[in-house]
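S.K.: Shown below is the structure under consideration.
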Amino acid sequence: MIATVESILKKYLPEETGYQKTLLEAMNYSLLAGGKRIRPTMMQETYWIFGGEGEEIEPFMAAMEMIHTYSLVHDDLPAMDNDTLRRGRTTTWREFGEDMGILAGDGLLTYAFETAAKAFDKTLHADRVGRAIGILAQKAGIYGMAGGQAVDVELTGGPIPADTLDFIYRLKTGALLEASMMIGAVLAGAGEEEIHLCEQIAGDIGMAFQIRDDMLDVISTEEELGKPIGSDERNIKTTYVTLYGLEKADAEVRRLSERAIDALAKLPGDKDFFISFIKKMEDRSR
C-alpha cells in the first residue's frame, strides 16, 4: 500500500526548476523522506469501503500527505521542537536552512490545495470535491491541526490539565485522520451519518496513535523511531505518560482501539485494513 501512495504522490510533485528551485527541492526532500503514509492510505481505504472507483481520490491523497509533511517540517523548526532528525534523515531546516524550512512548509500547505483542486477534472461530482476541499481546510486550520498545535505550543513548559491535553490531541493529531476518512467517504458518496461515523472512528484512532507516540518517546530508541527520543521531557511537555504513567496510557490506547473497531462494524464493505492497522498500532515500536 505504501508503494501505491508513493506512486500517486510522485505524480503531483512540483518540478524542481526555475528561480525558486531551492524551495521546490526542499519541498520534495520533505515529501520523499519516507513515512507510513497513514493518512492517504486511510483516505483511499475509506473511499473503497463506500464503493469509490474513480481517480478523484488521488489528488486528495497527495494533498493530505503534503499537509501532514508541512506540519512536520514546521514542528522540527528551532522555534518549535528544534529537532535535527526526522524519519532517519536530517530535518528540512537543517538541510536547507531555517528560512527555507519555513518556506518549504508554507509551500507544501499552499500547494496541497492547488493539488486537491485538480480533482475537479477527474470527477462527475464537483459538489463532492468542493465539500472535500472544505473538510481539508477546516481540519488543517485553526479549528483543526493548526489550532491544536497553537494550544500545545502556548502551554509547553508548564502543566496542562487532562481535558486540555485531550483537546490538543484531538485537533493536533486527530483532525487530519478525521479529514482523511471523511474525504474518502464524501468522494464515494456516503451518507451523512456514515460520514459522521467515519469522523468519530478516525478521532479515536488519532487519540490512540498520539498516546502511543507519547509512550514511544519514553520506551523506544532513536534507531527504531528515526528521530530523537526524550524530546517531550527535554521540552518539558505534558503528555499522557506524564499525567497517567505508561500502564494507564497503554490501557487507554487499547480502549480507544476497541471502540474504533466496534464502530467500524457499522460501515459497509471490507474493513480488514482498518482492523489490522488498529491492532498493529496498539503495539507499534516506531
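In UniProt numbering, the protein residues as written are 1 to 286.
Positions of the beta carbon are idealized from the N, C-alpha and C atoms, including for glycine.
1) Do Ile-67 and Leu-176 have their C-beta atoms within less than 9 angstroms of each other?
2) Reducing DSSP to helix, strand and coil, say where Leu-31 ends up.
3) With DSSP as the reference, label Leu-109 as helix, strand or coil.
4) Do Ala-62 and Ile-135 count as a contact pair if the criterion is CB distance below 9 angstroms?
5) Helix, strand or coil: which one does DSSP assign to residue 287?
6) Span of the alpha helix (DSSP H) holding Tyr-70?
7) Could you have a look at Lys-90 and say whether DSSP puts it in helix, strand or coil?
8) Can you list, in chain order, the residues of its chain with a C-beta nearer than 7 angstroms to that of Ala-249? Leave out the 5 residues immediately preceding and following it.
9) Gly-34 to Arg-89, Cα distance in whole Å?
10) When the Cβ atoms of the segment 111-131 are set against those of the segment 28-42, are three or more pairs found closer than 8 angstroms?
11) Please report how far the alpha carbon of Val-5 lies from the alpha carbon of Lys-11, in whole angstroms.
12) What's the C-alpha gap between Arg-170 and Tyr-19?
13) Measure the alpha-carbon distance for Ile-244 versus Arg-255 and round it to whole angstroms.
14) Taking only runs of the alpha helix (DSSP H) that begin and end inside the segment 111-198, which ones reach a length of at least 4 residues, in chain order?
15) Does Leu-85 come out as helix, strand or coil in the three-state DSSP assignment?
16) If the criterion is Cβ atoms closer than 9 angstroms, does the pair Leu-23 and Tyr-70 meet it?
17) Alpha carbon to alpha carbon, what distance is there between Thr-238 and Trp-93?
18) Anyone know if the C-beta pair for Thr-173 and Gly-206 falls short of 9 angstroms?
19) Return the Cβ separation of Met-182 and Ile-201 in integer angstroms, given the expectation that the two are a contact with Cβ distance under 8 angstroms.
20) Inspect the beta-carbon positions of Ile-133 and Val-151 and report whether they are closer than 9 angstroms.
21) Taking its Cβ as the centre, do 16 or more other Cβ atoms sit within 10 Å of Ala-116, making it buried, or is it exposed?
22) Please report how far the alpha carbon of Glu-252 lies from the alpha carbon of Arg-259, in whole angstroms.
23) Just to confirm the assignment, what range does the alpha helix (DSSP H) spanning Asp-270 have?
24) Work out the CA separation of Pro-14 and Pro-59 for me, nearest whole Å.
25) Let me make sure I understand the geometry here. Which of Phe-50, Ile-2, Leu-32, Met-43 has the alpha-carbon closest to that of Gly-269?
26) Can you list, in chain order, the stretches of the beta strand (DSSP E) that have 3 or more residues and sit fully within the segment 245-269?
27) Which first and last residues belong to the alpha helix (DSSP H) in which Gln-44 is found?
28) Determine whether the beta carbon atoms of Ala-188 and Gly-52 lie at a separation below 9 angstroms.
29) Do you know offhand how far Glu-192's Cα is from Val-153's?
30) For Cys-198, which option in Leu-85, Phe-273, Glu-55, Lys-266 has the closest C-alpha, if you only look at C-alpha atoms?
31) Select from Glu-65, Leu-165, Asp-204 the residue whose C-alpha is nearest the C-alpha of Ser-257.
M.R.: A quick look at the data gives this:
1) Note that the C-beta distance between Ile-67 and Leu-176 is below 9 angstroms.
2) Leu-31: helix per DSSP, three-state reduction.
3) Here Leu-109 sits in helix by DSSP.
4) No, Cβ-Cβ distance for Ile-135 and Ala-62 is not below 9 angstroms.
5) This structure leaves residue 287 out entirely; the chain is present only between 1 and 286.
6) Segment 57-75, the alpha helix (DSSP H) holding Tyr-70.
7) At residue 90 the sequence reads Thr, which differs from the Lys that was named. Of the three classes helix, strand and coil, the one that applies to Thr-90 here is strand, per DSSP.
8) Closer than 7 angstroms at the Cβ level, and outside the excluded window around Ala-249, lie Ile-211, Asp-214, Met-215, Tyr-240, Val-241.
9) Taking the straight line joining both Cα atoms gives about 10 angstroms.
10) Short answer: they don't touch.
11) Rounded to the nearest angstrom, the gap between the Cα atoms of Val-5 and Lys-11 is 10 angstroms.
12) Taking the straight line joining both Cα atoms gives about 40 angstroms.
13) Per the sequence presented here, residue 244 reads as Tyr, with Ile not at that position. Roughly 15 angstroms separates the two Cα atoms.
14) Fully enclosed alpha helix (DSSP H) runs of no fewer than 4 residues occupy 126-140, 145-155, 162-172, 174-188 of the segment 111-198, in order along the chain.
15) Residue state, collapsed to three classes: strand.
16) Contact annotation: Leu-23 and Tyr-70 have beta-carbon atoms that are not nearer than 9 angstroms.
17) If you take the alpha carbons of Trp-93 and Thr-238, they lie about 25 angstroms apart.
18) Judged by their CB atoms, Thr-173 and Gly-206 are nearer to each other than the 9 angstroms cut-off.
19) With 8 angstroms as the limit, Met-182 and Ile-201 do not qualify as a contact, their Cβ atoms being about 10 angstroms apart.
20) No. Outside cutoff.
21) Around the CB of Ala-116, 16 or more other CB atoms lie within 10 Å, so the residue is classed as buried.
22) Their backbone Cα atoms lie some 11 angstroms apart in a straight line.
23) Segment: none, Asp-270 is in no alpha helix (DSSP H) and carries neither H nor E.
24) Those two C-alpha atoms are separated by around 13 angstroms.
25) With distances taken between Cα atoms, Gly-269 lies closest to Phe-50.
26) Correct list: empty.
27) Taken as a continuous stretch (DSSP letters only), the alpha helix (DSSP H) holding Gln-44 covers 38-49.
28) For the 9 angstroms CB-CB criterion, Ala-188 and Gly-52 form a contact.
29) C-alpha separation (whole angstroms): 34 angstroms.
30) With distances taken between Cα atoms, Cys-198 lies closest to Lys-266.
31) Among Glu-65, Leu-165, Asp-204, the Cα nearest to that of Ser-257 is on Asp-204.
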